[in-house]
Amino acid sequence: MAKDRIAEPWGTRTPYRPGQQWPARVDMHLGEGLAAEDVEKWVQTASILHSNGDALDIAVKNGRMVGVRGRAVDRVNRGRLGPKDLFGWQANSSPERLTRPLIRENGELVATDWDTAMARIVEHSKHLLAEHGPSAIGFYTSGQLFLEEYYTLGVIAHGAIGTNHVDGNTRLCTATAAEALKESFACDGQPGSYTDIDHADVIALFGHNMAETQPMLWARVLDRLAGADPPAVVCVDPRATAVAEHATVHLAPLPGTNVALMNSLLHEVIGNDWIDHGYLERHTVGFDELRDRVAGYPPGKAAEICGVPADEIRRAARILGTADALLSTVLQGFYQSHQATAAAVQVNNLHLIRGMLGEPGRGVLQMNGQPTAQNTRECGADGDLAGFRNWNNDAHIAELAQLWNIDIDRIPHYAPPTHAMQMLRYAEQGSLRMLWISATNPAVSMPELGRIRSILAQRRLFVVVQDIFHTETTALADVVLPAATWGEKTGTFTNADRTVHLSDKAIDPPGEARADLDIFLDYARRMDFRDRDGEPLPPWHDPESAFEAWKKCSAGRPCDYTGMSYDKLRGGSGIQWPCNSEHPDGAERLYTGGEFSAAPDYCEAYGKDLITGAPVEPTEYRAMNPSGKAIIRATGYLPPHEAPRPDYPFVLTTGRTLYHFHTRTKTARAPQLQTAAPQVWVEISPGDARAAGVTEGDLLEIVTARGTLRAKARVCGIRPGVLFIPFHYGYWDATTAARTEHDRAANELTVTDWDPASKQPIFKTAAARVAVLATGTPGPAPAPTTTASRPLGASLPPTVGGRTALVTETVDTVGEQP
1 MAKDRIAEPW
11 GTRTPYRPGQ
21 QWPARVDMHL
31 GEGLAAEDVE
41 KWVQTASILH
51 SNGDALDIAV
61 KNGRMVGVRG
71 RAVDRVNRGR
81 LGPKDLFGWQ
91 ANSSPERLTR
101 PLIRENGELV
111 ATDWDTAMAR
121 IVEHSKHLLA
131 EHGPSAIGFY
141 TSGQLFLEEY
151 YTLGVIAHGA
161 IGTNHVDGNT
171 RLCTATAAEA
181 LKESFACDGQ
191 PGSYTDIDHA
201 DVIALFGHNM
211 AETQPMLWAR
221 VLDRLAGADP
231 PAVVCVDPRA
241 TAVAEHATVH
251 LAPLPGTNVA
261 LMNSLLHEVI
271 GNDWIDHGYL
281 ERHTVGFDEL
291 RDRVAGYPPG
301 KAAEICGVPA
311 DEIRRAARIL
321 GTADALLSTV
331 LQGFYQSHQA
341 TAAAVQVNNL
351 HLIRGMLGEP
361 GRGVLQMNGQ
371 PTAQNTRECG
381 ADGDLAGFRN
391 WNNDAHIAEL
401 AQLWNIDIDR
411 IPHYAPPTHA
421 MQMLRYAEQG
431 SLRMLWISAT
441 NPAVSMPELG
451 RIRSILAQRR
461 LFVVVQDIFH
471 TETTALADVV
481 LPAATWGEKT
491 GTFTNADRTV
501 HLSDKAIDPP
511 GEARADLDIF
521 LDYARRMDFR
531 DRDGEPLPPW
541 HDPESAFEAW
551 KKCSAGRPCD
561 YTGMSYDKLR
571 GGSGIQWPCN
581 SEHPDGAERL
591 YTGGEFSAAP
601 DYCEAYGKDL
611 ITGAPVEPTE
621 YRAMNPSGKA
631 IIRATGYLPP
641 HEAPRPDYPF
651 VLTTGRTLYH
661 FHTRTKTARA
671 PQLQTAAPQV
681 WVEISPGDAR
691 AAGVTEGDLL
701 EIVTARGTLR
711 AKARVCGIRP
721 GVLFIPFHYG
731 YWDATTAART
741 EHDRAANELT
751 VTDWDPASKQ
761 PIFKTAAARV
771 AVLATGTPGP
781 APAPTTTASR
791 PLGASLPPTV
801 GGRTALVTET
811 VDTVGEQP
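The UniProt record's numbering numbers the first residue of the sequence shown as 1 and each following residue consecutively.
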């Protein structure tokens with residue numbers, strides 16, 4: 001059947017019952033006028049526009065991408081594709097692709113050749129190393145490159161140059177996922193599996209709008225809900241998302257109060273003795289402190305803080321506390337706040353006190369926002385060290401030095417790797433003099449954009465940007481390098497439930513664009529980086545040799561890839577790590593039987609104080625947890641750093657929409673996606689709209705202490721006192737290839753502040769006010785009607801894609817259906 005997958009983003013239902021395999025449904029979209037028989041070859045890959053890891057094949061004809069289809073054999077999506085997968089591939093063929101290197105001459109970016117561009121970078125690098133040392137150079141990367149590229153970048157930065165200034169834009173979206181896992185389990189890595197949806201009788205989503213951020217994972221939940229014995233759903237979100245619409249209980253707390261809410265839920269679970277005492281005794285430390293801490297958060301107190309009914313807190317706690325198989329997922333609603341790690345850790349605590357880990361349907365997914373966020377963390381490209389090694393453990397640093405055949409003193413480990421917000425502060429202060437930015441657009445995605453632009457525009461800061469299109473960030477660069485992207489190069493990437501996929505090269509990149517791996521290796525060779533035997537560093541030369549080197553780095557660590565190979569990853573399903581002699585086909589779940597990676601000599605991290613961020617000392621950790629158990633960490637609630645007040649009465653929260661990814665570098669160039677959500681908007685509740693004299697489509701000015709934004713109003717189901725603005729919209733208009741007014745980027749309004757433990761910036765709790773600039777403006781807000789931005793009280797034209805958004809869905813009817 002053919003279906004408009006802009007109008008119906010989650011596609012046809014394929015109901016199934018608990019314990020049954022999720023039925024296959026193969027989604028296919030080809031360019032206009034093409035049929036499957038017109039395709040010359042299909043090339044294996046997976047999604048690059050969200051973290052779900054949906055497996056797909058790229059259709060190729062005459063050396064060009066012409067469409068995609070899902071891979072029915074894959075464990076992640078069983079053939080399904082979301083709107084960004086189905087239509088986003090068109091960006092590869094955009095005529096606006098960068099095809100030649102650019103250098104800044106007399107204030108303008110001009111085209112040049114690779115030798116000239118790279119010579120400029122190398123000359124600047126060598127000068128800074130000679131005059132200022134390694135700490136003058138920093139690297140800021142993405143969550144969208146491949147594993148092989150991250151590992152190469154990590155070796156160059158940490159091993160060859162010796163700088164501590166390495167981070168990724170994963171700091172903005174899922175740094176808290178990694179930190180929360182380290183706090184509870186002393187190591188990164190998701191305990192759960194997507195297949196836990198197939199078994200759970202309760203699915204709880206904490207600050208996770210799965211319907212829009214991982215739409216085919218949500219399709220899996222919808223299919224469980226449509227089948228026999230559906231799970232109960234608990235949703236924590238201030239917006240009336242599709243998840244909330246299907247929830248058994250929807251808790252809509254005031255942003256910034258998640259710790260109070262979680263402590264109250266734990267208060268009820270513990271108070272009603274819905275806990276596994278045997279599991280606590282055998283496998284955890286720290287329960288007594290948690291019990292004492294949450295005693296001060298009865299539902300009545302949390303109701304006052306969070307603005308949710310106490311009876312609903314009790315109802316949600318009963319569902320969570322009496323579940324036989326509880327799956328919890330967590331994302332930005334918890335991560336982008338002032339107590340991000342503290343709140344996410346309480347979700348882990350819920351599973352630890354209930355013994356809900358390591359078995360079918362019993363798991364936690366501290367979700368990622370980007371397709372390869374997991375790889376940045378594993379490979380040492382985002383503020384961690386390669387192979388989940390502990391920067392505070394000299395034996396781990398010695399292992400890396402031996403792997404890279406360099407002296408241990410070349411690897412900086414005098415302090416934790418520098419997080420992105422601190423790197424920018426160093427640049428602002430002048431100690432960081434060169435910043436190499438790859439595959440990300442901080443001039444739109446970072447908080448308080450006026451400050452970010454001023455930093456990147458400093459004459460003393462040499463900025464290199466490696467990307468596939470002109471962006472707001474390339475406009476500030478000294479050198480721009482044209483990169484190849486997904487489908488134009490080969491490599492592997494790992495999704496949020498540890499599933500590794502191979503992405504093969506399908507077509508050649510345009511013009512002179514090069515794979516990021518080739519660019520990094522070219523830089524290393526031109527810099528003449530050497531190991532202690534005088535051999536090139538890094539020693540590998542192509543994706544597969546880089547992958548083989550990575551396998552050696554991962555051996556014996558929690559993220560063990562030694563049982564994988566390119567050949568093994570071709571043709572079938574993705575494979576979860578650890579994959580080794582013990583788990584030759586990968587491990588479905590971590591921590592089965594209460595076995596953790598938390599032993600003092602093995603663990604990745606000793607933890608931090610959740611309030612101050614101060615690192616736990618090794619001796620303190622050894623005394624607290626000598627046997628390597630899971631750690632229950634308690635904390636109290638603290639109010640947001642910027643609370644509403646009379647002159648700024650609203651809480652402003654930013655976020656995502658289903659049809660776009662990050663700063664729209666790719667998705668704005670896919671016509672179906674761009675038409676579905678063409679411009680920024682602001683969401684306001686009906687009561688707040690009435691009080692402010694706002695009607696649907698009115699032009700509003702939203703103001704915080706840092707800036708202003710103009711956007712049309714969408715009156716919808718968001719909770720009172722809260723405004724929502726999608727963050728995707730910057731100053732570059734892909735449809736006209738021109739700059740627009742500086743008043744549509746949500747991050748003009750957000751604050752320079754971060755969670756003390758994860759260092760993740762705060763995007764959810766800015767104090768704001770609104771003013772009506774124009775009423776009765778032509779047409780409604782440009783917000784989709786199919787998602788959390790659907791309107792209330794107004795009859796508006798539905799969001800549709802039309803003929804060009806038709807997708808063929810082939811449902812597997814073999815096997816028992818409910």
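Each residue gets a CB set at the ideal place from its N, CA and C atoms; glycine is no exception.
All figures in this text were calculated on a predicted structure; none of them were measured in a lab.
Candidates the options: closest to residue i by CA position
i, options, result
"Gly636", "Asn263, Asn77, Phe547, Ala240", "Asn263"
"Pro644", "Val682, Thr704, Ser627, Ala677", "Thr704"
"Gly278", "Ala677, His199, Phe287", "Phe287"
"Met28", "Lys712, Asp478, Ala2", "Ala2"
"Lys182", "His662, Thr341, Ala381, Gln422", "Thr341"
"Cys306", "Leu251, Arg315, Val60", "Leu251"
"Thr471", "Arg13, Gly730, Val122", "Gly730"
"Asp223", "Arg64, Gly19, Pro442, Leu658", "Gly19"
"Ala111", "Ile452, Ala228, Val480", "Val480"
"Ile718", "Leu699, Ala670, Thr787", "Thr787"
"Asn62", "Trp577, Glu281, Lys41, Arg78", "Lys41"
"Asp113", "Ala513, Val811, Gly607", "Ala513"
"Ala670", "Val66, Ala186, Ile121, Val39", "Val66"
"Gln458", "Gly793, Met118, Leu435", "Leu435"
"Phe388", "Leu56, Ala186, Glu595", "Ala186"
Sub-8 Å separation of residue i and residue j beta-carbons
i, j, result
"Asp504", "Gln44", "yes"
"Gly511", "Pro539", "no"
"Ala439", "Ser142", "yes"
"Arg433", "Leu128", "yes"
"Leu749", "Leu709", "yes"
"Asn349", "Leu290", "yes"
"Gly256", "Lys764", "yes"
"Val73", "Ala59", "no"
"Gly154", "Ala386", "yes"
"Ile48", "Pro371", "yes"
"Tyr659", "Leu638", "no"
"Val249", "Glu312", "yes"
"Gly358", "Ala325", "no"
"Val682", "Arg706", "no"
"Pro215", "Pro9", "yes"
"Val751", "Glu448", "yes"
Residues bridged to residue i (per DSSP)
i, result
"Lys608", "Pro615"
"Cys235", "Leu205, His250"
"Val285", "Ile631"
"Ala767", "Val651"
"Thr45", "Leu56"
"Pro798", "DSSP, once it has assigned bridges, lists no residue as partnering Pro798."
"Val26", "Thr810"
Range covered by the beta strand (DSSP E) that runs through residue i
i, result
"Arg714", "708-715"
"Lys61", "55-61"
"Asp311", "Run containing Asp311: none in the beta strand (DSSP E); it sits in the alpha helix (DSSP H), 310-322."
"Pro726", "722-726"
"Val703", "699-703"
N- and C-terminal bounds of the alpha helix (DSSP H) containing residue i
i, result
"Thr152", "147-154"
"Leu652", "Leu652 -> not in any alpha helix (DSSP H); beta strand (DSSP E) instead, spanning 650-655."
"Thr675", "671-676"
"Thr808", "Taken as a continuous stretch (DSSP letters only), Thr808 belongs to no alpha helix (DSSP H), being part of the beta strand (DSSP E) at 806-811."
"Ser454", "449-456"
"Tyr566", "566-569"
(request) Decide yes or no for the touch test of the stretch 412-425 against the stretch 554-561: beta carbon pairs closer than 8 Å, at least 3 of them. (result) no
(message) Three Cβ pairs or more, each shorter than 8 Å: is that satisfied between the stretch 610-630 and the stretch 265-275?
(response) no
(message) With a threshold of 8 Å, are at least 3 pairs of Cβ atoms found where one atom belongs to the stretch 392-407 and the other to the stretch 345-364?
(response) no
(message) Tell me whether the stretch 161-181 and the stretch 357-369 touch, counting them as touching only if at least three CB pairs, one residue from each stretch, are closer than 8 Å.
(response) Judged by pairs of C-beta atoms under 8 Å, the stretch 161-181 touches the stretch 357-369, as three or more such pairs exist.
(message) Taking contact to mean 3 or more Cβ pairs, one atom from each stretch, closer than 8 Å, check whether the stretch 289-303 and the stretch 229-238 are in contact.
(response) no
(request) Count the CB pairs spanning the stretch 325-339 and the stretch 664-672 that are closer than 8 Å, and state whether there are at least three. (result) No contact exists between the stretch 325-339 and the stretch 664-672.
(message) I want to know whether the stretch 95-112 touches the stretch 489-505 - three or more CB-CB distances under 8 Å.
(response) With the cut-off at 8 Å, the stretch 95-112 and the stretch 489-505 do not touch.
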